[in-house]
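Residues are numbered in this note's numbering as their position in the sequence shown, beginning at 1, plus a constant of 1. Input: a single structure, listed below in structure tokens.
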Amino acid sequence: MPKEITPDLHITSQTPLLPTIGSWELFLLDQGKSPYTVKAFLGDLQLLAKFLPPDKTVGTVTTKDLNNFLTWLQTGRGIPCSPKSLARRITSIKAFFRWLHKSGRIMVDPAEKVVQQSVISPLPTVLTRNEQEKVIQVAEKYRQAKKPDARSYTLLKLLLSTGIKKGECLAININHIDLQAPGGPILFVRYASPSNRYKERKIDLPAEWVESYQEYLIQYQPKDVVFPWSPRRLEYLLEDLGEEAGIDKHLSFDMCRWTSVLRDWQSDLEHEQIRQKLGISKIQWREISMKLRQLSAQQS
């Protein structure tokens with residue numbers, strides 16, 4: 002559990018921004034925030050400190066100051082600021098001044114009325130059913146070749162069947178696949194970090210995949226990790242399948258994931274089951290379900 006907010010006696014409303022930002026860094030680290038998150042937040046606040054006058058104290062920063070800063074980021078800085086970066090910088094500002102206000106260092110939170118800008122990324126690219134069949138046919142050709150190679154088919158069908166992410170795929174250990182489970186073969190999606198344990202789940206595996214997987218095990222004999230190659234090598238495998246199938250799309254892990262979940266969406270699978278299969282939160286599901294609705298409408 003995070004510790005309660007306790008004021009630093011050296012920080013008051015009359016303290017300039019930069020030393021206050023340093024105190025906030027210590028607070029974030031003490032709360033167990035990721036070093037990457039802390040680095041991003043500090044970078045955003047340091048930009049604000051450079052924009053405002055050097056003698057500006059935290060107690061004199063106004064909502065107008067913050068809105069002017071955000072306008073400058075978008076139109077006056079001369080460096081592109083993507084919607085995603087802008088949204089994160091607003092989050093950083095709000096978190097910083099909320100901390101100052103709640104800890105009693107400032108009487109009014111100037112960031113409270115700054116409008117948070119949510120970012121919805123563009124619709125993902127998916128395979129049509131025809132394109133999916135073409136890619137699978139190419140992978141099957143290698144599987145049935147004179148010198149059989151089931152690797153591409155096993156990788157592709159796993160991604161299209163389960164909808165797992167690239168990092169999850171790379172982390173699959175042989176003991177994460179249970180072919181003798183009472184209810185049928187399953188994949189355990191595991192995470193090493195305790196903070197990601199909520200993403201762990203079981204996903205059913207189709208019989209056709211199990212057959213290719215057994216062929217693959219005989220051919221490659223992996224010792225622990227199922228796919229013991231670099232991420233880039235596996236990405237090349239997918240790209241080569243797409244090119245040989247003649248599809249005008251860059252076949253990737255992400256495309257396979259979205260293709261898989263769209264097929265589930267268009268089937269009779271309950272939406273809550275799809276969310277759990279993806280291992281995402283209910284908040285994340287809101288945006289993803291909206292995109293799935295749009296993608297499904299495009300293909301109808």
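Just so you know, even glycine gets a beta-carbon here, dropped at the ideal spot from N, CA and C. Remember, predicted model here, so these are calculated numbers, not experimental data.
Counting C-beta atoms within 10 angstroms of its own C-beta, Ser-282 has fewer than 16 neighbours from the protein chains shown and is therefore classed as exposed. Rounded to whole angstroms, the separation of the alpha carbons of Lys-292 and Leu-128 is 15 Å. Scanning Ser-194, Leu-180, Tyr-221 and Glu-236 for the CA closest to the CA of Glu-209 turns up Leu-180. For Lys-203, the enclosing beta strand (DSSP E) begins and ends at 202-205.
Residue state for Leu-124 is assigned as coil, using DSSP reduced to three classes. In the three-state DSSP reduction, Val-62 falls in the coil class, being neither helix nor strand. The beta carbon of Gln-277 sits closer than 8 Å to those of Arg-202, all from its chain and outside the five residues before and after it, given in chain order. Collapsing the DSSP output to three states places Asp-179 in a strand. In the DSSP assignment, Pro-17 is bridged to Thr-58. Distance from the Cα of Gly-247 is smallest, within the candidate group Glu-212, Gln-274 and Ile-137, for Ile-137.
Under the three-state reduction of DSSP, Val-190 is assigned to strand. Residue pairing by DSSP places Asn-174 opposite Val-226 in a beta bridge.
For Leu-157, the enclosing alpha helix (DSSP H) starts and ends at 152-163. Non-local C-beta neighbours of Lys-114 in its own chain, meaning closer than 6 Å and more than five positions away in sequence, comprise Thr-64, ordered along the chain. In terms of Cβ geometry, Arg-90 and Ile-12 do not form a close pair [threshold 7 Å]. By the CB criterion at 7 Å, Glu-245 and Val-139 fall inside the cutoff. At a Cβ-Cβ threshold of 7 Å, Ile-80 and Leu-46 do not count as neighbours. Judged by beta-carbon spacing, Ser-153 lies beyond the 7 Å limit of Leu-235, meaning their Cβ atoms are not closer than that value.
Secondary structure in the segment 231-269: the alpha helix (DSSP H) runs of 4 residues or longer, each lying completely within the stretch, are 232-246 and 254-267 in chain order.
By the C-beta criterion, the segment 18-33 is judged not to be in contact with the segment 66-73, since fewer than 3 inter-stretch pairs fall below 8 Å. For Val-262, the closest of Ile-204, Gly-33, Lys-224 and Leu-242 by C-alpha to C-alpha distance is Ile-204. In terms of Cβ geometry, Thr-155 and Tyr-221 do not form a close pair [threshold 7 Å]. Of the candidates Glu-240, Asn-176 and Ala-182, the residue whose Cα lies closest to the Cα of Arg-191 is Asn-176. In the three-state reduction of the DSSP assignment, Ser-83 falls in the coil class. Around the beta carbon of Met-108, a 10 Å sphere encloses fewer than 16 other beta carbons of the protein chains shown; the residue is thus reported as exposed. By the Cβ neighbour-count rule, Leu-270 is exposed, with fewer than 16 other Cβ atoms within 10 Å of its own. With a cutoff of 7 Å on beta-carbon distance, Trp-259 and Pro-125 are scored as near each other. Per DSSP, Gly-44 is one residue of the alpha helix (DSSP H) stretching across 36-52.
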